[in-house]
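One structure is given below, encoded as structure tokens.
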Amino acid sequence: MAADRFDAIVVGSGAGGGAAAYALTRAGWKVLVLEKGPHYDEADFFHDELTVCRRNTFVPSALDEPNMVAHGDESPARTADGWISCCVGGGTVHMSGFFFRMRPDELRGPGGEWPIRHHELAPFYDEVERVIGVSGESEGEPPGWRRRPYPMGPLLSHPAGTLVDEAGRKLGIRVFRTPRAILSADYAGRKACAYCGFCGSYGCEVGAKSSSLSSFLAIAAATGRLTLRARCMTTEVTADRAGRVTGVVYLDETGVRQRARAHVVVVACGAVQSARLLLVSRLANGSGLLGKNLMFGTMAAGWARFPRDDPRWPAGAEKLPFIDRTVAPEGGGTILFMLPHPNPILQAERLADAGGDADAPPAWGVELQRRLLEFFHETHTIEYECFCAALPHDGSDVTLDPDVKDRFGLPVARVRAATHPDSRRASDALDSKARQILTAAGALRVGTRGGDRVYFPLQCGTARMGRKASDSVLDPTGQSHDVRNLYVADGSGFPTSGDAPFTLTIMANALRIASHVVKRG
Amino acid sequence: MDLTAGPVAALLRNLGRPSRRQFQLLLGAGLASAVGCKRDGAAAPLAADASRTPAPGPRGDVLDAEEWAAIEAATERILPSGAGVAGAREAGVVRFIDRQLGTPALAPIVNAVKLAARLLDRWAQETHGGRLARLPPGQQDEIVGALARGKIPWKGLPQKQMFRVLHTLTLEGYLADPVHGGNAGMVGWKAIGFREPHLRQPAPPGTAPVHRHGG
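Line by line, the protein sequences are chains S and R. Under this note's numbering, residue 1099 is the last one in the first sequence; the count climbs by one each step, no gaps. Under this note's numbering, residue 387 is the last one in the second sequence; the count climbs by one each step, no gaps.
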């Protein structure tokens, strides 16, 4: 069949792909978005933990579409880890939506340096926040962090948030509201948050979560210039001998091989899968750095127990699921305080796994019942997640697995995931600080969840941006040094990860990249 | 932010890194060959168990009657009733497990669960003269604990991983929406004081989730 022709093809519909599709369609371009996952909409989102979080709703099956992931020196194991989310809207559909900007100093680190200045990114941060709807309270933030207020004020907070505020005052630490990609008010035709508390791991049936699905792609569709094809797995990006991208090959939803042609191709499948796609396509790797410098979010997490009768948990307060407090310590990093996720099975698993070493069996029997009772009935809990900069190193990369193929016959991604020791140290320090703050808040007991700090859904680095083709994959505009009109607009291009979840930066950078695409015409 | 990958991912993670042979056993390289692995010095492998006369009692679609009884007993030890709180038996965890084992996503761990059931019964027979379900709770705890620590003297089976699989399925069966066959009458949710989640709308039993990723 004759190939479809478009002005641009965007592969992947998540944070980067959605933003790129929005910008290009608004600039008058005819855009094809190919998404390998299904197109869920609000009617498809419900809160059944087993179906949504523990079966293959958002990630493929590790049986027929695995990543082969090796932690540290261990041998690779077949897993779904490394997939962010395969659906229209990608990871932004089930994210919790912690939306931090990178500060100027985060664009430079020991591991790398962005080849752009912060002021080139700043207007796009403004645009993302305004277009998709980000809620927050700039008054409490460290001075100089932002010039503009948030488009809307912060979400309502559970009274237990004041425990963190008071601890901050006691310790002389600034505590501010976590900016969220969740609407605190009706906005741009979408409804405000209903405070159900099922943000993380679930799609938002209200449309209040500012995912690419509810915002960027909806706006792009309204231009009439968007063609969105779900259940279409892109298997190759194609280029001509002159080094210009020509389009893609993909399997349509019936599994039939199709071609689509375009002047520009924007790849945005997440750092793991974007690297894989380009490696499979044998493109864009003149530097030899494609797949290298892989960075996963460096996250430590833990908990603090408070007395059951603490007045900060009055009856009825369970209707307010958010604490939304953030601390950004002087030395770097970000500590987020929150209430436990409502998922019962998840919490029970965490309780059973707490405290033992990796080899010990999970708690069972009377001990398990005791832990369930303590957590669910005898105490209240505040949890924390802390993030610090991931550092690129030789032990962390994406390659094509030499043996294992997915159900489409493509070599799967082989991922080596390991936290750099300096990141680990910084993470441990933040972890301690978080527990110190909660202890000052009056916690009965505090604890850390441990683990290797690798947080797979935040991934970047595998197609790093730089000025020189010899030591980078993409130029400062996000274009491949080797293949004209081929861009990568997810986190792959990041030379640094920054100190906080970086989904907002993926979106802003994608808009910046799209602006260059449009300028070039 | 929170994301739990699908169950096979979680369970495969829980399976750890068994040897290639162990992995094949668990992935159903053949129940016959799996149960053919022998106890050190034992006369007969798990399959050719002379004492496996058909037992009365419920069976499932995937679990036979003995396996059902063993899994029901084992999961009740993992999450026992007590002090007015329902345990795995009352919650119907074994029914949940049987239904889950019939789904394509969990087909790879059917072997692990069946082997665990048979191994527990076999070790119960050898040490206490009766199948797991017939023993008093204290002795059941010894048997289940041995599996949990990988201490049953039976070569070639990744016992710790098999225990983890049972443990994970127990928690799921206790706390998942009742439509999946466990958490009967919401006893699990009541035990933890969990109010029904706003907008449960789980898929009706027997239907596939709204969209699936091939398999």
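C-beta atoms are modelled at their ideal positions from N, C-alpha and C, and glycine is treated no differently.
Are the CB atoms of residue j and residue i within a distance shorter than 8 Å?
i, j, result
"R:R271", "R:G322", "no"
"S:F624", "S:F874", "no"
"S:T977", "S:G848", "no"
"S:W692", "S:M1043", "yes"
"R:V359", "R:E262", "yes"
"R:V351", "R:R249", "no"
"S:G880", "S:R1013", "yes"
"S:G667", "S:S762", "no"
"S:I754", "S:E783", "In the sequence on display, residue 754 of chain S carries Phe and not Ile. Not closer than 8 Å, so no."
"S:I662", "S:V826", "no"
"S:D1060", "S:G778", "no"
"S:L969", "S:R949", "no"
"S:L1022", "S:F884", "yes"
"S:P922", "R:L251", "no"
"S:G669", "S:A593", "yes"
"S:A738", "S:W891", "yes"
"S:E613", "S:A808", "yes"
"S:L1064", "S:L861", "yes"
"S:Q947", "R:V257", "yes"
"S:T1074", "S:L685", "yes"
"R:I141", "R:V282", "With chain R covering 173 to 387 only, the question about residue 141 of chain R has no answer from this structure."
With which residues is residue i paired in a DSSP beta bridge?
i, result
"S:D975", "S:R994"
"S:F754", "S:T904"
"S:V611", "S:V588 and S:L806"
"S:I913", "S:V905 and S:C964"
"S:M1043", "S:L1052"
"S:W881", "S:E961 and S:G1025"
"S:G816", "Checking the displayed sequence, the identity of residue 816 of chain S turns out to be Thr instead of Gly. According to DSSP, S:T816 bridges with S:G825."
"S:D659", "S:W661"
"S:D582", "S:A838"
"S:H672", "Beta-bridge pairing links S:H672 to no other residue."
"S:R686", "S:E691"
"S:F874", "S:Q1037"
"S:N645", "S:T657"
"R:G254", "R:V257"
"S:V1065", "Checking the displayed sequence, the identity of residue 1065 of chain S turns out to be Tyr instead of Val. S:V844 and S:Q1057."
"S:S716", "The partner list for S:S716 (beta bridge, DSSP) is empty, contrary to what the question assumes."
"S:K536", "Since the first residue shown for chain S is 579 and the last is 1099, residue 536 of chain S is missing from the structure and cannot be characterised."
Report the CB separation of residue i from residue j in whole angstroms; it is logged as a contact under 8 Å.
i, j, result
"S:H736", "S:F900", "6 Å"
"S:T816", "S:L829", "The pair is not a contact, with the Cβ atoms about 15 Å apart (cut-off 8 Å)."
"S:R992", "S:M646", "5 Å"
"S:R886", "S:E956", "6 Å"
"S:G711", "S:M730", "7 Å"
"S:R768", "S:G746", "Actually they are not in contact, since the Cβ atoms of S:R768 and S:G746 sit about 33 Å apart, beyond 8 Å."
"S:T912", "S:F1080", "Incorrect: roughly 11 Å between the Cβ atoms, too far for contact."
"R:A260", "R:T247", "4 Å"
"S:A800", "S:A599", "Not a contact, Cβ separation roughly 12 Å."
"S:G595", "S:A1092", "S:G595 to S:A1092, Cβ: 11 Å. No contact."
"R:P330", "S:P920", "With a Cβ gap of about 33 Å, R:P330 and S:P920 do not count as contacting."
"S:A1078", "S:F965", "5 Å"
For a contact meaning CB atoms closer than 9 Å, what does residue i contact in chain S?
i, result
"R:G254", "V944 and Q947"
"R:R321", "A938 and P939"
"R:A277", "R633, N634, S639 and L641"
What residues of chain S sit near residue i, judged by a beta carbon separation below 8 Å?
i, result
"R:G365", "F954 and H955"
"R:H339", "A930, P939, P940 and W942"
"R:R336", "P939 and P940"
"R:P280", "L641"
What residues of chain R sit near residue i, judged by a beta carbon separation below 7 Å?
i, result
"S:L628", "E344, A348, D349 and H352"
"S:P892", "Near S:P892 there are no residues of chain R at all, since even the closest Cβ is about 16 Å away, more than 7 Å."
"S:P920", "P369"
Mind pulling the chain S residues with CB within less than 7 Å of residue i?
i, result
"R:K332", "P939"
"R:A318", "In chain order: nothing, as chain S lies at least about 11 Å away."
"R:D313", "G943"
Identify the contact partners of residue i in chain R, using a Cβ-Cβ distance below 8 Å as the criterion.
i, result
"S:F1072", "Within chain R, no residue comes near S:F1072; the closest Cβ sits about 18 Å away, beyond 8 Å."
"S:R835", "The premise fails here: S:R835 is roughly 16 Å from chain R at the closest Cβ pair, so nothing lies under 8 Å."
"S:E927", "T340 and L343"
Would you say residue i lies against chain B (beta-carbon separation less than 8 Å)?
i, result
"S:I923", "Absent here is chain B; the protein component of the structure consists of chains S and R."
Could you name the residues of chain R that residue i contacts, counting a contact when the two beta carbons are closer than 9 Å?
i, result
"S:L950", "L251, V257, A363 and I364"
- Every unbroken alpha helix (DSSP H) within the segment 721-799 of chain S, with a cutoff of 4 residues, ordered by chain: For secondary structure counted as the alpha helix (DSSP H) over 4 or more consecutive residues, the segment 721-799 of chain S holds these complete runs in sequence order: 739-749.
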